[in-house]
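Take any residue in the sequence shown, count from 1 to its spot, add 469: that is its number in this note's numbering.
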Amino acid sequence: MLNDEDLMRHVIKVAERSVSNGNHPFACILVSPEGEILLEAENTVVTTGDRTGHSERNLATAASMKFSEEYLNECSIYINGEPCAMCSGSIYWSGIGRVVYGFTEHQLLECTGNHPENPTCSLSCDTVLNSGQRKIEILGGILAEECLEPHYTFWK
Numbered sequence: 470m471l472n473d474e475d476l477m478r479h480v481i482k483v484a485e486r487s488v489s490n491g492n493h494p495f496a497c498i499l500v501s502p503e504g505e506i507l508l509e510a511e512n513t514v515v516t517t518g519d520r521t522g523h524s525e526r527n528l529a530t531a532a533s534m535k536f537s538e539e540y541l542n543e544c545s546i547y548i549n550g551e552p553c554a555m556c557s558g559s560i561y562w563s564g565i566g567r568v569v570y571g572f573t574e575h576q577l578l579e580c581t582g583n584h585p586e587n588p589t590c591s592l593s594c595d596t597v598l599n600s601g602q603r604k605i606e607i608l609g610g611i612l613a614e615e616c617l618e619p620h621y622t623f624w625k
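This is the structure we're talking about:
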């Protein structure tokens with residue numbers, strides 16, 4: 470069974486694929502309670518022109534259409550960066566029960582600066598996800614520096 474670091478390294482590969490496909494280096498995967506990768510999602514903002522095409526929102530939509538809320542509550546989403554407020558809301562409403570991410574939104578801002586294609590939002594995912602009626606487990610900082618590597622190159 471893959472551990473958190475192995476799964477996050479898989480997310481990094483999906484983020485690199487997102488860049489190869491002409492998009493921003495954000496990505497995520499949905500993992501079953503048994504550790505199986507169920508879905509992958511890339512950022513699609515650039516290629517679709519949809520500014521809401523964040524990988525987490527894309528994955529939450531696909532997951533909620535494919536799996537029951539009860540099942541998703543047992544699943545984990547692995548994301549290379551802390552989900553923004555919009556994506557945190559999507560994760561909450563999809564029913565996904567565990568969030569694992571690499572770098573924080575603050576670390577992303579330090580990397581990207583005031584880039585017009587990435588206006589970071591300083592509202593933490595903890596604030597959004599812990600404001601609802603159901604409990605969501607959150608684990609951040611997994612391989613944060615490795616997750617940031619594609620961003621250092623991309624946003625310069």
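Positions of the beta carbon are idealized from the N, C-alpha and C atoms, including for glycine. A quick note: this is a predicted structure, and the numbers were derived from the prediction, not measured.
Checklist entry - For residue 559, which of 577, 611, 524 has the nearest alpha-carbon? => result Taking the sequence shown and counting its residues from 1, one reaches residue 559 at position 90. For residue 559, the nearest C-alpha among the options comes from 524.
Next on the checklist: Going by DSSP, what residue range makes up the alpha helix (DSSP H) through residue 598?
Outcome noted: As a position in the sequence shown, residue 598 is number 129, starting the count at 1. In the DSSP assignment, residue 598 falls within the unbroken alpha helix (DSSP H) covering 594 to 598.
Checklist entry - Hey, how far is the Cα of residue 513 from the Cα of residue 619? => result Taking the first residue of the sequence shown as position 1, residue 513 is located at position 44. Taking the first residue of the sequence shown as position 1, residue 619 is located at position 150. The alpha-carbon atoms of residue 513 and residue 619 are separated by roughly 16 Å.
Item to check | Beta-carbon separation (whole angstroms), residue 483 vs residue 496, contact threshold 8 Å | outcome: Residue numbering aside, residue 483 sits at position 14 when the sequence shown is read from its first letter. Residue numbering aside, residue 496 sits at position 27 when the sequence shown is read from its first letter. Your pair residue 483 and residue 496 checks out as a contact, with CB atoms roughly 4 Å apart and the cut at 8 Å.
Checklist entry - Quick one: what's residue 425 bridged to in DSSP? => result With the chain running from 470 to 625 in the structure shown, residue 425 is simply not present.
Next on the checklist: So for residue 497, helix, strand or coil by DSSP?
Outcome noted: Along the sequence shown, one-based indexing puts residue 497 at 28. Strand at residue 497.
Checklist entry - residue 563 by DSSP, collapsed to three states: which one? => result The count along the sequence shown starts at 1 and reaches residue 563 at position 94. Residue 563 carries a helical assignment under DSSP once its states are collapsed to helix, strand and coil.
Next on the checklist: Taking its Cβ as the centre, do 16 or more other Cβ atoms sit within 10 Å of residue 564, making it buried, or is it exposed?
Outcome noted: Your numbering for residue 564 matches position 95 in the sequence shown. Burial call: buried.
Checklist entry - Does the Cβ of residue 517 have 16 or more other Cβ atoms within 10 Å, making it buried, or fewer, making it exposed? => result As a working mapping, residue 517 is identified with position 48 in the sequence shown. With fewer than 16 other Cβ atoms inside 10 Å of its own Cβ, residue 517 counts as exposed.
Checklist entry - If residue 591 sits next to residue 574, beta carbons under 8 Å apart, how far is it from one beta carbon to the other, in whole angstroms? => result Start at 1 with the first residue of the sequence shown, and residue 591 comes out as number 122. Start at 1 with the first residue of the sequence shown, and residue 574 comes out as number 105. Yes, they are in contact, since the Cβ atoms of residue 591 and residue 574 sit about 6 Å apart, within 8 Å.
Item to check | Bridge-paired residues (DSSP) for residue 614 | outcome: Residue numbering aside, residue 614 sits at position 145 when the sequence shown is read from its first letter. Partner residues in a beta bridge of residue 614, as assigned by DSSP, do not exist.
Next on the checklist: Between which two residues does the alpha helix (DSSP H) holding residue 481 run?
Outcome noted: Counting from 1 along the sequence shown, the entry for residue 481 is found at position 12. Start and end: 473 to 489.
Checklist entry - I think residue 631 touches residue 480, with their Cβ atoms under 8 Å apart; what is that distance to the nearest whole Å? => result Any question about residue 631 goes unanswered here, given that the chain covers just 470 to 625.
Checklist entry - Mind checking residue 602: buried by the 16 CB within 10 Å criterion, or exposed? => result Here the question's residue 602 lines up with position 133 in the sequence shown. A residue is called buried when at least 16 other Cβ atoms come within 10 angstroms of its Cβ; residue 602 does not meet this threshold and is exposed.
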